[in-house]
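This report refers to the structure that appears directly beneath it.
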Amino acid sequence: MRRREFIWGAVMLGWPAASYAQTASHVIGFVNSASAEGYSSMADAFKEGLAAAGYREGANVRIEYRWADNRYDRIPGLVTDVVARQVDVIVANGPVIAAVKAATSTIPIVFTSGEDPVRLGLVERLNRPGGNVTGAIVLSAEVGSKRLQLLHELLPQAKTIAVLVNLDFGPSGQFQADVESAAKTLGLSVQFFPASTEVEVQRAFERLAEVRGEAILVGPGPFLDSRRNLLVALATKASIPAAYETRATAMAGGLISYGGRVSDMYRQAGVYAGRILNGDKPGELPVFLATRLELVINLRTARSLGLDVPAAILARADEVIE
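Counting with my numbering, you get residues 1 to 322 for the letters of the sequence shown.
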């Protein structure tokens with residue numbers, strides 16, 4: 001068997017990295033606050049972008065994954081470990097960025113975030129970040145009010161909306177303010193529930209009857225997005241309509257999703273990581289804004305809830321799951 005065929009077989013079979021690590025000329029540290037299970041699709045999008053820049057995992061690059069599993073107390077230790085390994089590039093998502101930036105001023109950093117990196121002090125400006133940092137951002141909290149409006153169009157008779165918010169996620173403050181403002185305009189009552197852990201998520205669903213919640217609006221962030229299967233299962237059990245941030249949740253059975261394409265952001269992070277490995281300086285790569293917004297409707301879920309989706313919403317949908 002040829003050596004290349006052996007190496008590819010080792011990768012496909014999931015053999016230890018040592019079987020093929022000698023072929024990787026670069027190492028990327030991928031530190032993420034979510035879980036490998038919940039965010040595997042985002043890791044795949046990252047690898048797609050990396051491949052577009054000429055790098056394939058197991059061939060000419062090795063990726064050191066560090067997942068915090070939504071336990072923010074683990075982040076400092078994971079960052080310290082990756083920095084100590086002197087990787088060539090570190091890729092970090094929103095809740096991890098500050099710790100990575102504080103830990104190194106020399107290793108190039110590529111971030112993925114739903115917040116303004118200039119306001120956070122991560123970069124000097126969007127078009128020319130400066131220093132050792134660049135990245136990609138997506139519209140996150142800003143579209144919460146639009147999701148509320150879509151719920152209102154879908155359920156015009158509903159007057160009380162339960163809103164799940166991960167208070168540990170930075171953009172949640174803006175999301176909450178925007179939703180409160182939109183609710184007043186629409187004549188709706190919104191009840192906010194903290195949802196920073198699985199226990200809090202389950203407790204929120206248990207309290208729906210108490211607040212007479214007629215629908216659920218799920219807030220932004222990696223934690224809630226990576227818990228899509230739990231959220232969909234709880235919404236199904238409660239037979240309650242819910243609106244989510246990402247397409248992946250609608251694909252998993254969620255009724256409706258509207259938001260920026262998070263996968264586009266991760267794909268661009270992969271492109272930037274590859275360009276940096278090719279010699280580009282992170283401070284000269286403009287911060288990428290994933291501007292595409294997508295509306296996805298799951299008609300199977302709508303039918304199971306006994307809902308007729310208005311033609312006006314279907315006409316605006318980017319994707320309809322039959």
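C-beta: ideal position from N, C-alpha, C; glycine also.
Remember, it's a predicted structure, so these values are computed and weren't measured experimentally.
Check	Outcome
Beta-carbon spacing of Gln-157, Ala-182 below 8 angstroms	no
First and last residue of the uninterrupted alpha helix (DSSP H) at Thr-249	247 to 251
Cβ separation of Tyr-244 and Leu-295, assumed to be a contact under 8 angstroms, to the nearest whole Å	Not a contact, Cβ separation roughly 11 angstroms.
Beta carbon of Val-31 nearer than 8 angstroms to that of Asp-88	no
Pick from Leu-151, Phe-175, Ile-256 that is closest to Arg-247, judged by C-alpha positions	Ile-256
Cα-Cα separation between Val-11 and Ala-59, rounded to whole angstroms	Per-residue confidence for Val-11 stands at a pLDDT of 37, beneath the threshold of 50, marking its modelled position as unreliable; no derived number is given.
Inter-stretch contact (C-beta, 8 angstroms, three-pair minimum) for the segment 153 to 168 and the segment 273 to 284	no
Integer Cβ distance of Val-190 from Glu-180, believed to fall under 8 angstroms	6 angstroms
Where Glu-124 falls: helix, strand or coil (DSSP)	coil
Helix, strand or coil at Ser-181 [DSSP, three-state]	helix
Exposure label - Gly-54; buried when at least 16 CB within 10 Å	exposed
Alpha-carbon spacing of Leu-224 relative to Leu-277, whole angstroms	32 angstroms
7 angstroms CB neighbourhood of Ala-233 in its chain, flanking five on each side removed	none
Where the beta strand (DSSP E) containing Leu-139 begins and where it ends	No beta strand (DSSP E) holds Leu-139; DSSP gives it neither H nor E.
Contact belief for Arg-227 with Gly-38 at Cβ below 8 angstroms, rounded distance in angstroms	6 angstroms
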